[in-house]
Amino acid sequence: MNLAKIARRRYTEGVTPLEKLSNLSKVLDGPTIYMKRDDLLGGTSGGNKTRKLEFIMADAIQKGADTIITAGAPQSNHCRLTLAASIKENLDCHFIIEDGAPNPYKEKASGNNFLYKLLGVKSIKLVDKDADLMAEMEELATELKNQGKKPYIIPVGGSNAIGALGYVACIEEIMAQLFDKNIPIDYIVVPSASTGTHVGMLVGMLGINGNIPIIGISISKPQDILIKTIYELAQTVLKDLDINTPLEKSDIIVHDNYVGGGYTVPTDGMLEAVQLLARSEGILLDPVYTGKVMAGMIDLIRTNFFKKTDNVLFLHTGGSPALYTYEDIILEKDFYTR
Ligand SMILES: Cc1ncc(COP(=O)(O)O)c(C=O)c1O
Numbered sequence: 617m618n619l620a621k622i623a624r625r626r627y628t629e630g631v632t633p634l635e636k637l638s639n640l641s642k643v644l645d646g647p648t649i650y651m652k653r654d655d656l657l658g659g660t661s662g663g664n665k666t667r668k669l670e671f672i673m674a675d676a677i678q679k680g681a682d683t684i685i686t687a688g689a690p691q692s693n694h695c696r697l698t699l700a701a702s703i704k705e706n707l708d709c710h711f712i713i714e715d716g717a718p719n720p721y722k723e724k725a726s727g728n729n730f731l732y733k734l735l736g737v738k739s740i741k742l743v744d745k746d747a748d749l750m751a752e753m754e755e756l757a758t759e760l761k762n763q764g765k766k767p768y769i770i771p772v773g774g775s776n777a778i779g780a781l782g783y784v785a786c787i788e789e790i791m792a793q794l795f796d797k798n799i800p801i802d803y804i805v806v807p808s809a810s811t812g813t814h815v816g817m818l819v820g821m822l823g824i825n826g827n828i829p830i831i832g833i834s835i836s837k838p839q840d841i842l843i844k845t846i847y848e849l850a851q852t853v854l855k856d857l858d859i860n861t862p863l864e865k866s867d868i869i870v871h872d873n874y875v876g877g878g879y880t881v882p883t884d885g886m887l888e889a890v891q892l893l894a895r896s897e898g899i900l901l902d903p904v905y906t907g908k909v910m911a912g913m914i915d916l917i918r919t920n921f922f923k924k925t926d927n928v929l930f931l932h933t934g935g936s937p938a939l940y941t942y943e944d945i946i947l948e949k950d951f952y953t954r
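Okay, structure coming up:
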């Protein structure tokens, strides 16, 4: 595997910190916990999409694009960061946003929606929640082409074979940090949604012949669907990178019991996790992704999946702007006070 051969833009200076969370380990009476602070990546308010966009934007630029089209939910971190990268690259950026329960689009909503407007998105087209987002993006691309533009479509979450390379690169970065700091990590906990992050981490681990298990926590979909999606995308990335180590479906670990009522629907575990991290470590999680992933890790600690002697690495993928759309519910009940 040689990532240096692949076109890449950079939106982060240096590497993201690998932080030891001693207070959290103490509160949970659990294993030693580290956090890869990808919430501190470049782009507006950082997050995992920044790594995917380094490779995706490079591809768009190579193909001569002057306009980016992407899609997501009303509070999409992916849309926000795609817009931020487009601004850096002097490209126009348009969104297709899905609208409908439990996430109706609110024109004046705070969080990512406010940032779309502050950053100056070119257009937002609202479509039904069940619409075919790729078809909608293609339709917009045709309209823009007719106006003389050169549009480039980025799929939801930036989760294609190019975007996943961002997390193959992240594994190389993590392994160098672990070697440098002499930290013997036993498990890595990651989110699994549109799956580019999980796929990149798995493929990266195979590519360096590493053997640290990657534990995915679902924030929306059932385990069997995620495993199928991860497996299929991973096969493409493995092939693209000439990695011959086989990946079997049985090698893919996904827990789907922390989703609760569904995508964006709060759970007590998420609310506890968000408060706990804020009040024990001064770190902001988000209510939709990292809050539920952390709730999963906390439960795996409490149910003794991890031994006290283990070293566990949690991948923080960002998303804190969405916190400001959940203010009331997050402070409704005290789960943890110092
Ligand atoms: C903050 C945050 N964490 C995790 C994820 C999930 O990553 P992936 O879509 O690569 O599975 C997302 C996706 O939107 C996100 O915004």
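Numbered per the working numbering, the sequence shown spans residues 617 to 954.
Every residue, glycine too, gets a C-beta built ideally from N, C-alpha and C.
beta-carbon residue i near ligand 1 non-hydrogen atom, thresh 7 Å
{"i": "S808", "result": "yes"}
{"i": "Y940", "result": "no"}
{"i": "Y874", "result": "no"}
{"i": "T813", "result": "yes"}
{"i": "T933", "result": "yes"}
{"i": "Y905", "result": "yes"}
{"i": "S641", "result": "no"}
{"i": "S836", "result": "no"}
{"i": "L659", "result": "With the sequence shown as reference, residue 659 is identified as Gly, and Leu is not the correct amino acid for it. Every heavy atom of ligand 1 is 7 Å or more from the Cβ of G659, so no."}
{"i": "D902", "result": "yes"}
{"i": "S775", "result": "yes"}
{"i": "G663", "result": "yes"}
{"i": "H871", "result": "no"}
{"i": "N719", "result": "no"}
{"i": "N927", "result": "no"}
{"i": "H694", "result": "yes"}
Identity of the residue in the options nearest residue i by Cα
{"i": "G876", "options": "K865, E848, L857, V909", "result": "V909"}
{"i": "F711", "options": "E705, K741, R918", "result": "K741"}
{"i": "N664", "options": "I831, T883, A780, P903", "result": "A780"}
{"i": "L697", "options": "Y732, G680, T813, K642", "result": "Y732"}
{"i": "A850", "options": "D858, Q793, L863, Q839", "result": "L863"}
{"i": "I790", "options": "V631, Q763, L657, T811", "result": "V631"}
{"i": "A681", "options": "K765, L734, T648", "result": "K765"}
{"i": "N873", "options": "G935, K837, A757", "result": "K837"}
{"i": "I649", "options": "Y627, I778, I917", "result": "I917"}
{"i": "Y905", "options": "V881, I830, V853", "result": "V881"}
{"i": "I914", "options": "G812, M750, D744, H871", "result": "H871"}
{"i": "I672", "options": "L854, R625, L794, P767", "result": "R625"}
{"i": "D856", "options": "T813, G935, M750, I778", "result": "I778"}
{"i": "P771", "options": "K636, G898, K797, E754", "result": "E754"}
{"i": "E848", "options": "G878, G812, I835, S834", "result": "G812"}
{"i": "P629", "options": "L619, P800, R667", "result": "Inspection of the sequence shows that residue 629 is occupied by Glu rather than by Pro. Minimum Cα distance to E629 is reached at R667."}
{"i": "C786", "options": "N798, H814, P903", "result": "H814"}
{"i": "D884", "options": "V737, A911, L901, S702", "result": "A911"}
{"i": "N618", "options": "D944, I859, I946", "result": "I859"}
{"i": "D645", "options": "E948, F922, A938", "result": "F922"}
Range of the contiguous beta strand (DSSP E) that encloses residue i
{"i": "R653", "result": "648-653"}
{"i": "D715", "result": "708-715"}
{"i": "K761", "result": "Unbroken run through K761 is the alpha helix (DSSP H), 749-762; no beta strand (DSSP E)."}
{"i": "T852", "result": "No beta strand (DSSP E) contains T852, which is instead part of the alpha helix (DSSP H) from 839-856."}
{"i": "N927", "result": "927-932"}
{"i": "D675", "result": "Premise fails: D675 lies in the alpha helix (DSSP H), 665-678, not in any beta strand (DSSP E)."}
{"i": "I769", "result": "767-770"}
{"i": "V743", "result": "739-744"}
{"i": "G832", "result": "830-834"}
{"i": "V870", "result": "869-871"}
{"i": "L634", "result": "634-636"}
Residue i - containing alpha helix (DSSP H), residue span
{"i": "Y803", "result": "It is not in any alpha helix (DSSP H) - Y803 instead sits in the beta strand (DSSP E) that spans 803-808."}
{"i": "V784", "result": "781-797"}
{"i": "K722", "result": "Per DSSP, K722 belongs to no alpha helix (DSSP H) and is neither H nor E."}
{"i": "V904", "result": "Where V904 is concerned, there is no enclosing alpha helix (DSSP H), given that its DSSP letter is neither H nor E."}
{"i": "I685", "result": "No alpha helix (DSSP H) contains I685, which is instead part of the beta strand (DSSP E) from 683-688."}
{"i": "I945", "result": "943-946"}
{"i": "Q598", "result": "The question about residue 598 has no answer, for the chain in this structure spans 617 to 954."}
{"i": "L734", "result": "727-735"}
{"i": "A701", "result": "693-704"}
{"i": "M821", "result": "812-823"}
> Taking one C-beta from the region 653-668 and one from the region 826-833 each time, how about it: are there three or more such pairs within less than 8 Å?
Replying inline: The region 653-668 makes no contact with the region 826-833; the number of CB pairs closer than 8 Å stays below 3.
>> Three Cβ pairs or more, each shorter than 8 Å: is that satisfied between the region 671-690 and the region 705-722?
In response: yes
> Below 8 Å, can you find three or more Cβ-Cβ pairs linking the region 797-806 to the region 927-943?
Replying inline: yes
> Would you say the region 682-694 touches the region 713-729, given that touching needs at least three Cβ pairs under 8 Å?
Replying inline: yes
> Within the chosen definition, does the region 886-897 reach the region 935-952 through at least 3 CB pairs nearer than 8 Å?
Replying inline: yes
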